[in-house]
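Number of protein chains: 2
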Amino acid sequence: MKDVIFARAKEKGEEFVRKIKGKNPVFVCVIGNSETGKIPGLSAAGAVPEITDLTPPADVELLFYGECKVISEVPMTPDGIPTPGIITMSAQRLSDMPLFVVDGGVRVKPHVPYIDVGGKPGGNILTGEAVEDVEEVIERATLTGKQFAKTTDYVVVGESIAGGTTTALGVMVAMGIDADGKVSSSMPQNPHQLKTETVRKGLDAKGAKAGDFEDDPFGAVSFVGDPMIPAFAGVVMGAAETKPVIMAGGTQMCGILSVISKIAPKVLENVAIGTTRWIVEDKTADIVGLVDQIADVPIIAANINFSNSKYEGLRVYETGIVKEGVGAGGITLAAMLKSEEITMEKVLEEIDKNYQELLNKRQAKRA
Amino acid sequence: MKDVIFARAKEKGEEFVRKIKGKNPVFVCVIGNSETGKIPGLSAAGAVPEITDLTPPADVELLFYGECKVISEVPMTPDGIPTPGIITMSAQRLSDMPLFVVDGGVRVKPHVPYIDVGGKPGGNILTGEAVEDVEEVIERATLTGKQFAKTTDYVVVGESIAGGTTTALGVMVAMGIDADGKVSSSMPQNPHQLKTETVRKGLDAKGAKAGDFEDDPFGAVSFVGDPMIPAFAGVVMGAAETKPVIMAGGTQMCGILSVISKIAPKVLENVAIGTTRWIVEDKTADIVGLVDQIADVPIIAANINFSNSKYEGLRVYETGIVKEGVGAGGITLAAMLKSEEITMEKVLEEIDKNYQELLNKRQAKRA
Chain A
1 MKDVIFARAK EKGEEFVRKI KGKNPVFVCV IGNSETGKIP GLSAAGAVPE ITDLTPPADV
61 ELLFYGECKV ISEVPMTPDG IPTPGIITMS AQRLSDMPLF VVDGGVRVKP HVPYIDVGGK
121 PGGNILTGEA VEDVEEVIER ATLTGKQFAK TTDYVVVGES IAGGTTTALG VMVAMGIDAD
181 GKVSSSMPQN PHQLKTETVR KGLDAKGAKA GDFEDDPFGA VSFVGDPMIP AFAGVVMGAA
241 ETKPVIMAGG TQMCGILSVI SKIAPKVLEN VAIGTTRWIV EDKTADIVGL VDQIADVPII
301 AANINFSNSK YEGLRVYETG IVKEGVGAGG ITLAAMLKSE EITMEKVLEE IDKNYQELLN
361 KRQAKRA
Chain B
1001 MKDVIFARAK EKGEEFVRKI KGKNPVFVCV IGNSETGKIP GLSAAGAVPE ITDLTPPADV
1061 ELLFYGECKV ISEVPMTPDG IPTPGIITMS AQRLSDMPLF VVDGGVRVKP HVPYIDVGGK
1121 PGGNILTGEA VEDVEEVIER ATLTGKQFAK TTDYVVVGES IAGGTTTALG VMVAMGIDAD
1181 GKVSSSMPQN PHQLKTETVR KGLDAKGAKA GDFEDDPFGA VSFVGDPMIP AFAGVVMGAA
1241 ETKPVIMAGG TQMCGILSVI SKIAPKVLEN VAIGTTRWIV EDKTADIVGL VDQIADVPII
1301 AANINFSNSK YEGLRVYETG IVKEGVGAGG ITLAAMLKSE EITMEKVLEE IDKNYQELLN
1361 KRQAKRA
């Protein structure tokens, strides 16, 4: 277990790991997009706002096909820093994990099979009108989670949405969690002040203030959340009624956890957050301090480290860029726990290999 | 096994049953609709054309909720003859089978989670332009089938679409199968002549004739099929690569079988048709004669009989109305094979009970 970091509630985390070791999970990726993600300076992707509509479908296409269809190349910055989906893709391939996509609400539909739960693309939280049909989406996603629980030993749920830490912050602040300055960022400079102001303005727009939605998770998500959150929460609630669930992601998971803790707190006995070393070591954020306020859920991290990668585009993850996404940390844990043959070394090799393939494809397309 | 009828390829059928006995299946219902289903006289539902758009979503809502949302009552004729979905619902509840919906292309979306595979509602085969994007839908549905195969012991696939035997006839005739006069009908008087003429006119509209699409299943479906067919075929092809699959339906299955037999004939080793006694005893049709021409696939039927039901609306099934749909026969077989506690007597009791509940709900809504 040298590649597993127990970052919170160690004993519970170890018990959770014992329950799922050697078992067969299903991976569910929940996608969404919002106008919030397009606010300049908030997200790495915000510099080119249209990209925030394309990254989530491109991420799940990458998982299914090893290449993307909604964009001609792969989700990668011009200087070659790839989407964390490359980690997800590598862990999924090594473990041959079954793969499903849930559409929480995206403007551009992926060219893959996806489960529609009635979600629509999200608005801008500055308007205080962020997500439509929250209860309906939660209900349908819960039904979906129940079906997965019947077919598999446990469920790993990941997400792809831009601007997601700001909307997670929104939900937590609305629900009275002391979360300012505690969410992570995909950028090395975490724009906490801008995130905090954005959330405040969104609450202002509805004449509300921090904590007003302490017992109204539906309202919190509707006004200052994003469309990934209710779909993700529903899948977790449906599945965790009967089976273990890894909520695969960083501080965004805490917004979802707040929602679940008010609707179905009992299911959280079956839940762990699975993430990356980059998140639990993030000095600009505090995932443990967030979870402490919400529910006694373990945080388990894959001890992933790109320092020795052959590729600069991957090594740069060690400078604090990207950190997590597309369920990267949680699915890496699940892959390693599925089979002892899948070691962290194997995962890192596979990532290097897949990254080289993506570079080759990019080269070929440009030629 | 007194409640299982081996109607074709008995030995293969028995072997298939041995493979799946006691195992855990997933049930997938593929829905679609087409303008073909609205041709007067072709389908029981054709008398009220708008109903053909509503029945498939209503059927899957019935499975998830025990009641419908797109219509205020349940799919039932004014004189109380219920959708075969009531059989499906009863078998699913007794066996607690996981349930997924694939949208092959419906005009009215169901209020349940459903898997989008890129399908669109179908046209009228009289125009020779019946289904869009056939190859793309098959590709995505195949990916979906592969994921199900990874999570479960075997897969049961059913369907709901109006006018489906005419479009199945269309595909078979286009592909050179001698199918005229051999497909079943949901009505006691099987309108063979109208079906045959409709298919001929559809082929005429494209300047084609019977057999022209012998080796072009994509063309056959595009011109004279319906949108359920490619989605259903894809799910079967993806799943049957590695796991047994019950194609749950009547003579419509033969159109799908024709398509699969040209794209991935090898997977048919893992396939059986699962249907009802009403289909294999249907004197107005010939499912065995159809399968004989296409592939050596067993036909297994649930020996279901409503003669002793307490309710006239169910007993009337014995006069040759309805016969099959929503995977009723196949899921009944799967439920009985999952657990010896689920006998045909239990299934019939459950159907009577659920029918009474539906009547009560109808009564309550009208009051």
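Quick note, the sequences are listed as chains A and B, same order.
According to this note's numbering, the stretch in the first sequence is residues 1 to 367, in order.
According to this note's numbering, the stretch in the second sequence is residues 1001 to 1367, in order.
Glycine included, C-beta positions come from ideal geometry on N, C-alpha and C.
What residues match up with residue 1155(B) in a beta bridge as DSSP calls it? 1026(B) and 1245(B)
Compute the Euclidean distance between the alpha carbons of residue 342(A) and residue 3(A), then round it to the nearest angstrom. So the two alpha carbons sit approximately 11 Å from each other.
Which value, in whole angstroms, describes the spacing of the CA atoms of residue 126(A) and residue 173(A)? 14 Å
Hey, could you find the ends of the alpha helix (DSSP H) residue 205(A) is sitting in? 192-205
According to DSSP, simplified to helix, strand and coil, what is residue 107(A)? coil
Listed from N- to C-terminal order along the chain, which residues in the stretch 73-98 of chain A have their beta-carbon within a distance smaller than 9 Å of any beta-carbon of chain B? 96, 97 and 98
Anything in chain B within Cβ reach of residue 143(A), meaning under 8 Å, just list it in chain order. 1064, 1112 and 1113
Which residue comes first and which comes last in the alpha helix (DSSP H) that contains residue 355(A)? 344-366
So the candidates are 1323(B), 1273(B) and 1313(B); which of them puts its Cα closest to the Cα of residue 1009(B)? 1273(B)
Do residue 110(A) and residue 67(A) have their C-beta atoms within less than 7 Å of each other? no
Runs of alpha helix (DSSP H) wholly within the stretch 37-108 of chain A (minimum 4 residues, chain order): 51-65 and 85-95
Test: residue 107(A) CB closer than 7 Å to a CB of chain B: No, because no Cβ of chain B sits closer than 7 Å to the Cβ of residue 107(A).
Is residue 69(A) close to chain B, meaning its C-beta is less than 7 Å from at least one C-beta of that chain? no
Note down the Cα distance separating residue 1338(B) from residue 1119(B), rounded to an integer number of angstroms. 32 Å
Can you name the residues that DSSP bridges to residue 114(A)? 1116(B)
Note down, in chain order, every chain B residue with its Cβ under 7 Å from the Cβ of residue 100(A). 1147
DSSP three-state label for residue 144(A), please. helix
List the residues of chain A whose Cβ lies closer than 7 Å to the Cβ of residue 1140(B), in chain order. 112 and 113
Identify, in the order they occur along the chain, each residue of the same chain with its Cβ nearer than 7 Å to the Cβ of residue 1301(B), setting aside the five sequence neighbours on each side. Cβ contact annotation for residue 1301(B) (same chain, cutoff 7 Å, sequence separation greater than five): 1005, 1007, 1275, 1276, 1277, 1279, 1280 and 1329, in chain order.
Interface flag, residue 150(A) vs chain B, CB-CB below 7 Å: yes
Spatial neighbours of residue 1117(B) in its chain, beta-carbon cut-off 8 Å, leaving aside the 5 residues before and after: 1102, 1103, 1104, 1137, 1140, 1141, 1144, 1231 and 1234
Could you work out which residue in 1013(B), 1039(B) and 1180(B) is closest to residue 1286(B) when comparing CA atoms only? 1180(B)
On the criterion of 16 or more Cβ atoms from any shown chain inside 10 Å, does residue 360(A) qualify as buried, or is it exposed? exposed
Residue 59(A) at chain B interface by Cβ criterion, 7 Å: no
On the three-state DSSP scale, how would you describe residue 240(A)? helix
Does the CB of residue 945(B) have a neighbour CB from chain A at under 7 Å? The requested residue 945(B) does not occur in the structure, where chain B is confined to residues 1001 to 1367.
Three CB pairs or more closer than 8 Å across the stretch 198-208 of chain A and the stretch 83-103 of chain A: Contact fails: fewer than three Cβ-Cβ distances are below 8 Å.
What residues from chain B crowd round residue 26(A), counting only those whose CB sits closer than 7 Å? Within chain B, the residues whose beta carbon sits less than 7 Å from that of residue 26(A) are 1151, listed in sequence order.
Contact set for residue 1259(B): own chain, Cβ-Cβ below 6 Å, skip 5 residues either direction: 1217 and 1233
Can you round the beta-carbon distance between residue 1214(B) and residue 1164(B) to whole angstroms, since I take them to be within the 8 Å contact cut? About 22 Å; that fails the 8 Å criterion.
Three-state class that DSSP yields for residue 1186(B) in the structure shown: coil
Would you mind working out which of 190(A), 108(A), 43(A) and 203(A) sits nearest residue 225(A), comparing C-alpha positions? 203(A)
Rounded to whole angstroms, what's the CA-CA distance from residue 1147(B) to residue 1261(B)? Just pull it up for me. If you take the alpha carbons of residue 1147(B) and residue 1261(B), they lie about 22 Å apart.
Under 7 Å between the Cβ atoms of residue 1158(B) and residue 1029(B)? yes
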